[in-house]
Every structure is written in C-alpha cells, then in structure tokens.
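J.:
Here's what the structure looks like:
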C-alpha cells in the first residue's frame, strides 16, 4: 500500500512536468525546434526499431562501463596505497587536485589528439570517476575506528580477516555513495566525450548529428535515452548495494 | 613473574605513571584496584603491549599469548555475536563461550542486544581467544549481581593468569583474586 502510494505520487509528479513541457512546446508552436512529449515519444519509438540505435546504446554502455570499472578499481588501489604507504599520498595528491580542477572539455580535447576516437569516452569516464572514488575510499579508510583496529591487532586478525571484516564494512557506505555519484559522472562525461570526439557507434555521435541536421525530435529522443539509461543504471547499482547489505550476518 | 620496574608511562598531556614498580605472579588471579583515573586501564594496556612504556623495564610477558577484554566492548557492529567470537576462535568454541555467557541467540547483531549482553559477548570473545594471560578491564560492567556471580564462576581458573581491574572488592572476591591497590603501592 505504501509502495503504491509512492508510485502514484511519483507518477503524478512526472505527469505534472510532462504537462509543463507539453504546454511550453504548444505555446512556442515550433515542433521541429522544440518538440513536445508526443513528437519525442514518436521519434524515440522510431529509433528503438533500428539496429543502429541498439548498437550505439550498447557500445556507449560498454565504453562508460569500462571507464567506470577501471576508475573504481584504480580508485580503491590508490586509496589503499595512500592510506598504507607513507609518501604515496604526498606524491600523488597533486595529480588528484589537477584532475579535479581541470574542466572535462579540456581533457576531452587533449586526449582526442592522442587516443582513438572509440577510446576517448572510456578514458574520460575513467578520469572523471577516479578522483571521486579515490578521495571517498581514502577518507573512509582513514576514518576506520581506531578502537576496532586495535581490537583486531590484539586478537591477531590475519590481514585477510582485517580487510574482510574490518576495512570493507567500514568503508562500504562511503564507497557505495561515491560509486553512485561516480556513475552519474561517468555517464555524463562519457557521452560528452562521444559528442566532442564524434565517436562512431555512439549515443554522443547521434546527439551531435541530430543537432547538426536540426533534427530536434531525434535530439530529444536521444537525450531521453540517456536519461532512461542513467536511471536504470542507478537503480541497478542501488539494488546491488541493497543486496550486499547484511550479507555478513 | 611479571615485573615492572621504575616504569614511566605518559600521554602527550599527562604522565600516568612516573616511577611504577610492581611484581605480579605468573598464575592465579589478581585484581587491580584504585580510584578512577589512577591508571588501571593504562596498566592493563601496557601489559597487553598496546601502550609502550617511556622508561623503565617490563619483563615476564615475552612470548605469552594475551587475551584482552577492553574497557569498551569493541564488537564489530556489522556481524553477529557468534561471528564476533568465531573470528578469534572457531565455530564450536564460539558457541560454547556464548552459552557460558548466557547468550542464547548468537545470530543477533550487537546493536540488537542490550549493553549487558554486548559486554558478555565481548567476554565470550576474550575467553574464546584463549592464551596464557587474560586481562579484563571492568569485566562486569552492566551486569547484575546474580549474573556477575555466575559469569565469574565460569571465568575463574580458565587462564593460567587472570588480571582484572575492578571498582569494588566484591568483584575481586567473586574471581578469587588477590587485590593489588595501585594507590597504595610502596614507593622505592
């Protein structure tokens, strides 16, 4: 019953904003430049029937997932290195500051010269997610309860036991939150990289083409695709996090 | 014998022991008593090897396996009581000591238990770890009188040497422990 109410509330909010969109498009009256929900839905349905659409979506997902996966793995390793090995933090922290401070478009334009067009989104997703995971994981490691660490030492926990039963559960909440934030960044920056690098077989390339040919219903439909996939990915990650919760008990 | 001679222990803002000399037996039970803030916990931490001494000598604990019940329970909050104890021993030993500590449901998480139950899980863990020396920092905190007596009876004699810090002589008596008053030690 509670879930039903929540679903209804969300559906009503969604319907309200679609109504606002429809009203604006109706008053502007230029469906080629500002398509309404109907034109967008039609364009979306048309795109869904093409193999090109699914190939582009598949490759974009793969590129973003690769960049994201590498970033999560590298972020954890760097966080562990900075936490446990003295000097690593001093050596590498300027790199993290530079990555965080540099605009994503600068990186895209830079690596565009050095990498294949298909690899640019992978690298950009990686670069945008890396400092998020790295910082969150390192801060969480630094904050692991000193009393529990002492307890583990006193009771002679093996290294594996410490990692499995002390460090991973301590770090997990902050790490999962960072993974969630990072996923949004990976997705948006990966697609931005595809748009600028004109990566073949990509959602970004189709977005760019739709803009260049003034196919605004298609532009809206591709954008809708990006939003839907982003929501699906986030929901998937949340479900995974929920599933992992409490498995130790 | 465990000997501490002319030991100085200090924290950045406080000197806890300036010139402590003390001899403790190799076996039996000894209860450390002193007013609050006198350094009972610090002394147990020194004996456990968790707090290094700043001067003096400590001998008699080399190569000994020490089990320590901390002043705080220090249970891992994300695993069950059973798992908390199992992590320092094995499933059967954990079960045995949880039973001895009158914890009927080892599947509960620490946060689902009362303070007294959490204390007993911590005690079960210290017992299950085993070793030559058992250090107990206020072991009966949060336990009622009848439970204290039953638990003390099950701990007594299970380690060659048991050192505990207590607040009243009755707790020492329950453990059959000789009382050492830190505030009444003769100065050299």
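Protein chains in written order, with this note's numbering: chain V, 1 to 249; chain Z, 250 to 437. From the three backbone atoms N, C-alpha and C, an ideal C-beta is built for every residue, glycine too.
Pair every Cβ in the region 196 to 211 of chain V with every Cβ in the region 109 to 127 of chain V, then say whether three or more of these pairs are closer than 8 Å.
T.: yes
J.: Could you spell out where the alpha helix (DSSP H) holding residue 385/Z opens and where it closes?
T.: Segment 382 to 386 is the beta strand (DSSP E) holding residue 385/Z; no alpha helix (DSSP H) there.
J.: DSSP three-state call for residue 260/Z: helix, strand or coil?
T.: strand
J.: Per DSSP, residue 282/Z forms a beta bridge with which residues?
T.: 430/Z
J.: Taking Cβ-Cβ distances below 8 Å as the criterion, which residues of the region 92 to 120 of chain V are in contact with chain Z?
T.: none
J.: Near residue 357/Z, what residues of its chain come up, given a Cβ to Cβ distance below 7 Å and the 5 sequence neighbours on each side ignored?
T.: 329 and 330
J.: Between the region 308 to 323 of chain Z and chain V, which residues of the former have a C-beta closer than 9 Å to a C-beta of the latter?
T.: Using a CB distance below 9 Å, the part of the region 308 to 323 of chain Z facing chain V consists of 314, 315, 316, 317, 319, 321 and 323, ordered along the chain.
J.: Using the Cβ count rule (16 or more neighbours within 10 Å means buried), how would you classify residue 350/Z?
T.: Burial call: buried.
J.: Within the 8 Å Cβ cut-off, does residue 258/Z reach chain V?
T.: no
J.: How about residue 392/Z: is its C-beta nearer than 8 Å to some C-beta of chain V?
T.: no
J.: Just curious, the alpha helix (DSSP H) that residue 178/V is in, first and last residue?
T.: Residue 178/V -> alpha helix (DSSP H) spans 168 to 197.
J.: At a CB-CB cut-off below 7 Å, which residues of chain Z make contact with residue 151/V?
T.: 319 and 323
J.: Could you round the C-beta distance between residue 281/Z and residue 251/Z to whole angstroms and report it? I think they count as a contact, below 8 Å.
T.: Not quite, the Cβ-Cβ distance comes to about 12 Å (not below 8 Å), so this is no contact.
J.: Could you give the residue range of the beta strand (DSSP E) that holds residue 27/V?
T.: Here residue 27/V belongs to no beta strand (DSSP E); instead the alpha helix (DSSP H) covers 2 to 28.
J.: Please go through the region 266 to 341 of chain Z and give each complete beta strand (DSSP E) segment of 3 or more residues, from N-terminal end onward.
T.: The region 266 to 341 of chain Z is shown to contain whole beta strand (DSSP E) runs of 3 or more residues at 277 to 282, 304 to 308 and 315 to 318, in chain order.
J.: Check residue 411/Z in the structure and name its three-state DSSP category.
T.: strand
J.: Compare the beta carbon distance of residue 125/V and residue 189/V with 8 Å and say whether it is the shorter of the two.
T.: Cβ distance < 8 Å, so residue 125/V and residue 189/V count as in contact.
J.: Comparing the C-beta of residue 38/V with each C-beta of chain Z, is any distance below 8 Å?
T.: no
J.: Using beta carbons (cut-off 8 Å, strictly below), is residue 166/V in contact with chain Z?
T.: yes
J.: Look up residue 252/Z in the DSSP assignment and give the residues it is bridged to.
T.: Looking at the DSSP assignment, residue 252/Z forms a beta bridge with 272/Z and 308/Z.
J.: Would residue 429/Z and residue 337/Z be called neighbours here (beta carbons separated by less than 8 Å)?
T.: no
J.: Would residue 17/V be called buried (16 or more neighbouring beta carbons within 10 Å of its own) or exposed?
T.: Around the beta carbon of residue 17/V, fewer than 16 other beta carbons sit within 10 angstroms, so the residue counts as exposed.
J.: What does the alpha-carbon distance come out to for the pair residue 204/V and residue 100/V?
T.: The straight-line gap from Cα to Cα measures roughly 23 Å.
J.: Given that a residue counts as buried once 16 or more other Cβ atoms are within 10 Å of its Cβ, and exposed if not, what is residue 86/V?
T.: exposed
J.: Go through its chain and collect everything with a Cβ distance to residue 269/Z's Cβ below 7 Å, but skip five positions before and after it.
T.: 253 and 256
J.: For residue 71/V and residue 258/Z, what's the separation of their Cα atoms in angstroms?
T.: 46 Å
J.: Helix, strand or coil for residue 83/V? Go by DSSP, reduced to three states.
T.: helix
J.: Kindly list, in the order they appear in chain V, the residues whose Cβ is closer than 8 Å to that of residue 347/Z.
T.: The contacting residues do not exist; residue 347/Z stays about 15 Å from chain V at best.
J.: Of all the CB atoms in chain Z, is at least one closer than 8 Å to the CB of residue 169/V?
T.: yes
J.: Name the two residues that bound the continuous alpha helix (DSSP H) containing residue 424/Z.
T.: Note, residue 424/Z: premise wrong, no alpha helix (DSSP H); not H, not E.
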